[in-house]
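Engineer: Okay, handing you the structure first.
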Amino acid sequence: KTLSDKFLDGLAKVCDTEARKLQGKPQVLHVIRFIKVFIEENPLCICADEISAVKRLLTGDNDEVKLKQKTSEIVVKGHQEQYFINFRVYVPDNYPLAQIVPEITQHNFPAFLHIHFQAQAVEIARRCVQPPLKKNPKDPPFVPSPSLQPTCEYLIECLKKYPLELCQLCHERALPVNPVNESAKKGKHSVEKIYCGHMFHLICLHKYMKTPPFAGGKLCPTCGKQIFHDKWKISSEVMETRWAHKQARQRELEEVVDFME
Ligand SMILES: [Zn+2]
Ligand SMILES: [Zn+2]
1 KTLSDKFLDG LAKVCDTEAR KLQGKPQVLH VIRFIKVFIE ENPLCICADE ISAVKRLLTG
61 DNDEVKLKQK TSEIVVKGHQ EQYFINFRVY VPDNYPLAQI VPEITQHNFP AFLHIHFQAQ
121 AVEIARRCVQ PPLKKNPKDP PFVPSPSLQP TCEYLIECLK KYPLELCQLC HERALPVNPV
181 NESAKKGKHS VEKIYCGHMF HLICLHKYMK TPPFAGGKLC PTCGKQIFHD KWKISSEVME
241 TRWAHKQARQ RELEEVVDFM E
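In full-length UniProt numbering, the protein residues as written are 1 to 261.
If you want it as structure tokens, here you go:
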């Protein structure tokens with residue numbers, strides 16, 4: 001294990017104070033015992049620098065980063081406008097060789113985003129300590145790296161970014177400014193994140209998917225990637241036919257209206 005210079009400086013100062021108390025008496029054993037107990041009681045000192053970096057990312061009045069040395073956990077509460085995420089991270093004994101365990105404990109984001117955030121956070125932590133499955137022979141040998149900071153940074157970035165994300169079709173905020181609970185989601189409150197990662201209101205996406213051109217499949221208007229979604233597995237030909245039918249029906253209706261007039 002390697003401890004940061006800043007932490008070691010601090011520890012040296014505390015030891016100095018301890019030793020001073022015992023001036024005129026044997027001090028070496030006492031100080032060694034003091035260090036041993038201190039490190040055992042403060043397992044999070046292994047990631048002191050990473051914790052400082054995470055704290056710097058959270059500057060809101062209600063944000064907090066709490067250390068639970070007894071359980072080797074970090075508890076984070078972050079806010080962005082009306083949205084919040086609380087998560088805790090367990091730092092294992094053999095950190096940084098073993099990965100941290102992140103867990104979102106409370107939030108007010110839509111459920112599909114929560115699942116996405118949680119899964120990605122675990123994946124980021126895993127990639128820090130496990131070599132990639134497909135090895136590129138040109139890559140240098142894999143060395144595990146600390147996983148706490150990148151994982152926390154990811155979750156905090158999600159918290160800061162998603163409430164401000166726009167619907168790529170109507171260019172209004174995708175998530176409602178005031179978070180609503182799942183059961184109350186209607187109309188624009190229903191949000192979809194598609195394959196490319198862009199966000200859309202469900203009603204905007206529905207309209208877009210049903211409007212031509214269909215040739216070559218529907219593309220994300222922002223990044224040009226094909227829109228893949230479980231809800232739209234139908235091919236562009238089917239879309240084309242459906243649209244043609246709808247247009248024909250519309251024409252018939254208009255003809256009837258003309259005739260009546
Ligand atoms: Zn929209
Ligand atoms: Zn896109």
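Positions of the beta carbon are idealized from the N, C-alpha and C atoms, including for glycine.
Give me the residue from M199, K77, P150 and P137 with the minimum Cα distance to E165.
Structural biologist: Across the set M199, K77, P150 and P137, the C-alpha of M199 shows the shortest separation from the C-alpha of E165.
Engineer: Can you tell which of L97, I74 and A98 has its C-alpha closest to the C-alpha of I104?
Structural biologist: I74
Engineer: Of all the options H79, D49 and E240, which has the alpha carbon lying nearest to the alpha carbon of T59?
Structural biologist: H79
Engineer: Does DSSP put V91 in a helix, in a strand, or in coil?
Structural biologist: coil
Engineer: At a threshold of 7 angstroms, does K225 count as lining ligand 2 (C-beta to nearest heavy atom)?
Structural biologist: yes
Engineer: Distance check for G24 and E157, CA to CA, integer angstroms please.
Structural biologist: 54 angstroms
Engineer: Measuring from the CB of C220, is there a heavy atom of ligand 2 at a distance below 7 angstroms?
Structural biologist: yes
Engineer: Could you tell me whether the region 127-144 touches the region 207-217, using the rule of 3 or more Cβ pairs below 8 angstroms?
Structural biologist: no
Engineer: My assumption, with CB atoms under 8 angstroms, is that C204 sits in contact with C152. Please give the rounded CB distance.
Structural biologist: About 33 angstroms; that fails the 8 angstroms criterion.
Engineer: If you run the structure through DSSP and keep just helix, strand and coil, what is G10?
Structural biologist: helix
Engineer: Could you spell out the range, first to last residue, of the beta strand (DSSP E) harbouring L67?
Structural biologist: Residues E64 to K68.
Engineer: Are the region 127-134 and the region 88-101 touching, with three or more C-beta to C-beta distances below 8 angstroms?
Structural biologist: yes
Engineer: Counting only the same chain and skipping the five closest in sequence on each side, list residues whose C-beta sits under 6 angstroms from that of N86.
Structural biologist: Same-chain partners within the cutoff: K77, T105 and Q106.
Engineer: Any heavy atom of ligand 1 closer than 7 angstroms to the beta-carbon of F38?
Structural biologist: Not one heavy atom of ligand 1 is found less than 7 angstroms from the C-beta of F38.
Engineer: Run the CB neighbour count on K218, radius 10 Å, all protein chains shown included, and call it buried at 16 or more, exposed below.
Structural biologist: Under this definition K218 is a buried residue.
Engineer: Using DSSP bridges, identify the partner residues of N86.
Structural biologist: N86 is bridged by DSSP to K77 and Q106.
Engineer: Do you know how far the Cα of H201 is from the Cα of S190?
Structural biologist: 6 angstroms
Engineer: In the structure shown, what three-state DSSP assignment does L169 receive?
Structural biologist: Note: L169 maps to coil in three-state DSSP.
Engineer: Closer than 6 angstroms by C-beta to E240: which residues in its own chain qualify, once you throw out the five before and the five after it? Chain order, please.
Structural biologist: F214
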